[in-house]
Structure formats: C-alpha cells, structure tokens
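Enquirer: Every letter in the sequence shown is one number past the one before it in the UniProt record's numbering, and letter 148, counting from 1, is 148.
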Amino acid sequence: MTRHHVAIGALGGTIAMTSAEPSGGAVVPTLTGESLVDAVPGLADAAEVRAETLAMLPSPSLDEPTIMRALAWARAAVDGGAAGVVITQGTDTLEESAFLLDLFWDHPEPLVVTGAMRSPQAAGADGPANLLTAVRCAVSPASRGRGVLVAFDDEIHHARWVAKTDSMSTSAFRSPVFGPIGRCVEAEVVYGVPVGRLAPLRLGNVRGADDPRVPLVATYLGDDGYLLDRLRAEDVDGVVVAGFGAGHVSPRMAEAVGRLAADVPVVFASRTGSGPTGRAMYGYPGSEVDLVARGAIGAGWLPPVKARLLLWALALTGANDHDAVRAAVAERGTP
1 MTRHHVAIGA LGGTIAMTSA EPSGGAVVPT LTGESLVDAV PGLADAAEVR
51 AETLAMLPSP SLDEPTIMRA LAWARAAVDG GAAGVVITQG TDTLEESAFL
101 LDLFWDHPEP LVVTGAMRSP QAAGADGPAN LLTAVRCAVS PASRGRGVLV
151 AFDDEIHHAR WVAKTDSMST SAFRSPVFGP IGRCVEAEVV YGVPVGRLAP
201 LRLGNVRGAD DPRVPLVATY LGDDGYLLDR LRAEDVDGVV VAGFGAGHVS
251 PRMAEAVGRL AADVPVVFAS RTGSGPTGRA MYGYPGSEVD LVARGAIGAG
301 WLPPVKARLL LWALALTGAN DHDAVRAAVA ERGTP
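Rendered as structure tokens:
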C-alpha cells in the first residue's frame, strides 16, 4: 500500500512547551517539530511524516505575517508532493490562524491545524492524540477539497466556524450553532457534513503582509464612541465593532460608527460568541437597521475576530472598498 506523505509545520504553543521547574509550571516553547513527532505513538503507521520548526512562539505572539509565511510553507510542501499538511500552534489564536489560512488556501489537499491544552509534561497531555488525529485527517481522501480544518479532541471543525470556547478544558474547541463537521473514530475519519468550500482569495500582487491595519473595538455599557473617534480614517483600512447582542451599540457609539463608515469600511459583529448579526428586527439608534443606514456592514455569522481577519485579508489584496467588503462579508458570513 502507498504511504501518504504529510508535512508538519510547528509554530510553538502549549503543544511544544516544557518547564525546567519540578512542578511543571511556567512552561515555554522548547520542543521542535521533530520532537513533537517522536512523542506520538502510532504516528508512523498513519503516514510518512516530515516535520519542520517554522517558529517557536506562544500563541499570543503569533501575527498575520507569521501565518502568511506558514501558508507559503504549506503550499510549497503540497507542491513538493505532500498529500496533506498539519500545522501545530498555540490555542489562544488558533481559530484566527486557521481562518486566515482558509481564506487563501487554494489546494484540494487538506491543511489541518491543531494544538494542545496541556503541556507535554502534564498528566493526560492531549498534544500527541491531537497531532495523530490531525495527521489522520490530513491523509483521509474524505478531507480533500474541504479547505482548512481544525482537529481537536477527536473532532474535526471547519476553520470558518470553529472557536475556542473554554480557557482550560481539553475540549475547548467548538463550532457554535453548527457543530463539528466530522470525527476521528478508531483511526477512521468520518464526515457527516458535505463539502461546502468557498473560493479562496487571490494573493496576486499584494501589499506587504504587515501593512494592513484593521482594529477591533469592543463596545461596553455606557460606550460613548470615544475610542472609535480616536481612530483616523487615513490610519486604518477598516474597523470591526464587536457589538451587544445581534450587533447593537449605544446611540453615541452609532454616531461614531457613521462618521468613520463614511470613509472606511466598518463591520459590526456580535460579541456573544454565537449567532448572527441582526438585519431587520430593531430600528432604534444603534440597532442593526440604524447601523446599516449609517453605512456599516453586518458580519452575519462571523464572530468579531474573524470579521477582522477578513477585512485584513481584503486590504492585503487591495479589495477593501465598501462594495467589495460588503460582498465578501455577505458570502463568508453566511452558512
């Protein structure tokens, strides 16, 4: 039987963290991609793997340029013959990295992102099992054409909908409302949801990967728009507002949204963690109807962090005028 080749790129994170303290606390990234592979029983039976250390960073230290470099590495691995690619990283920003990768992933071969909630020295470390599931997912023919996937706790999620929903639990990753699209059961990857792949964005001639600036502003009780008014249109490529409920803000915040939306795209999303922005229910100042009338764009089902990454990616490709943003959000913010 032909053995599939899987490329594994390690970016750091808890899955690669160890401690010099007897208690096992205060862990930091130390393990290479090769070390991660060596620690997984049965991995050699699942695929022929080649591991490479792309970075050695905790999750909060990752940024868009680092993820775009990982994207280029993953593309090169597939062009070099890999049947699939796995990227390991910290969980704090995993849902964002996976979504950004998915926006640009233009190969049918699976790109799977995974990590761990417990360090390798902890009792019941989950990193080896998650990595094995990710590799099995990467070599499964049923994974082809599904874009970027997240494998965690024996479940498989699509990058567009997955979210970290718990700060400590090993089952931290969920897809609110829509649920996982598959599972790994007794070494078999099983999908219960058909492929629904959106066309990737085209990189082409892009700006420098560190150029776009898209702030995320969360509203709060009594918000008067002070922070949003501090942003100058000439300094940003777009803004996302994380609003109450279905995307609502205070009347004064709504006025600030309108002032900024006259010059740059402003997208409002729900800060609740589940459910879409409203479209036509409420009409008071600061409601969804009011914000749209002021020129803002509802994020639909996209949470704030992913709406921000979509605006960042559109700015990177130079397709971030109001109409282009409105069309892209309508497409990717709809199930």
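From the three backbone atoms N, C-alpha and C, an ideal C-beta is built for every residue, glycine too.
Could you round the C-beta distance between Ile8 and Ala51 to whole angstroms and report it? I think they count as a contact, below 8 Å.
Expert: Contact holds; Cβ gap of about 4 Å.
Enquirer: Counting beta carbon pairs with one atom in the segment 24-40 and one in the segment 102-113, are three or more of them shorter than 8 Å?
Expert: Too few Cβ pairs lie closer than 8 Å, so no.
Enquirer: Pick helix, strand or coil for Met281, following the three-state DSSP scheme.
Expert: Coil at Met281, not helix or strand.
Enquirer: Would the C-beta of Thr277 count as close to the ligand NAP, meaning under 8 Å from any of its heavy atoms?
Expert: Absence of the ligand NAP is noted for the structure shown, with no ligands found whatsoever.
Enquirer: Would you list the residues sitting across from Tyr191 in a DSSP beta bridge?
Expert: Answer is Gly182.
Enquirer: Please report the Cβ distance between Ala159 and Val150, rounded to the nearest whole angstrom; I am assuming they are in contact, meaning their Cβ atoms lie under 8 Å.
Expert: With a Cβ gap of about 6 Å, Ala159 and Val150 count as contacting.
Enquirer: Leaving out five residues on either side along the sequence, give the residues of the same chain with a beta carbon under 6 Å from the beta carbon of Ala313.
Expert: The answer, listed in chain order, is Leu103, Leu201.
Enquirer: For Leu198, count neighbouring C-beta atoms within 10 Å of its own C-beta (all shown protein chains included) and say buried if the count is 16 or more, exposed if not.
Expert: When all chains shown are included, Leu198 counts as exposed.
Enquirer: Considering Cα atoms alone, identify which of Tyr284, Ala129, Glu288 is closest to Gly278.
Expert: Here the closest residue by C-alpha is Glu288.
Enquirer: Below 8 Å, can you find three or more Cβ-Cβ pairs linking the segment 255-273 to the segment 227-237?
Expert: At 8 Å Cβ cutoff, the stretches touch.
Enquirer: From which residue to which residue does the alpha helix (DSSP H) around Phe244 run?
Expert: Taken as a continuous stretch (DSSP letters only), Phe244 belongs to no alpha helix (DSSP H), as it is neither H nor E.
Enquirer: Let me know the secondary structure DSSP gives Glu48 once reduced to three states.
Expert: Correct three-state label for Glu48: strand.
Enquirer: Considering only residues of the segment 91-153, which uninterrupted alpha helix (DSSP H) runs meet the minimum length of 4 residues and lie entirely inside it, listed in chain order?
Expert: The qualifying runs are 94-104, 127-139.
Enquirer: Starting from the C-beta of Tyr191, find all residues in its chain whose C-beta is less than 7 Å away, skip the five residues before and the five after it, and write them out in chain order.
Expert: Taken in chain order, the residues that qualify are Ala142, Ile181, Gly182.
Enquirer: Buried or exposed: Met281, going by 16 or more other Cβ atoms within 10 Å of its Cβ?
Expert: So Met281 counts as exposed.
Enquirer: Relative to the C-alpha of His248, which candidate in Leu11, Leu101, Ala296, Pro212 has its C-alpha closest?
Expert: Measuring from the Cα of His248, the nearest candidate turns out to be Ala296.
Enquirer: Tell me the DSSP secondary structure of Tyr10 in three-state form.
Expert: Per the sequence shown, the amino acid found at residue 10 is Ala instead of Tyr. In this structure, Ala10 counts as strand in the three-state DSSP scheme.
Enquirer: In three-state DSSP terms, what is Val289?
Expert: In this structure, Val289 counts as helix in the three-state DSSP scheme.
Enquirer: State the Cα-Cα distance for the pair Gln121 and Thr18, rounded to the nearest angstrom.
Expert: Computed Cα separation, rounded: 6 Å.
Enquirer: Rounded C-beta distance between Val329 and Gly300? I'm assuming under 8 Å.
Expert: Rounded, the Cβ-Cβ distance is 6 Å, consistent with contact.
Enquirer: Taking 9 Å as the threshold (C-beta atoms), are Ala269 and Val240 in contact?
Expert: Yes, Cβ-Cβ distance for Val240 and Ala269 is below 9 Å.
Enquirer: Measure the alpha-carbon distance for Asp106 versus Gly147 and round it to whole angstroms.
Expert: Roughly 8 Å separates the two Cα atoms.
Enquirer: Quick one: what's Thr219 bridged to in DSSP?
Expert: Paired residues: none, contrary to the question.
Enquirer: If you follow the alpha helix (DSSP H) that Gly258 is part of, which residue opens it and which one closes it?
Expert: That run of the alpha helix (DSSP H) goes 251-261.
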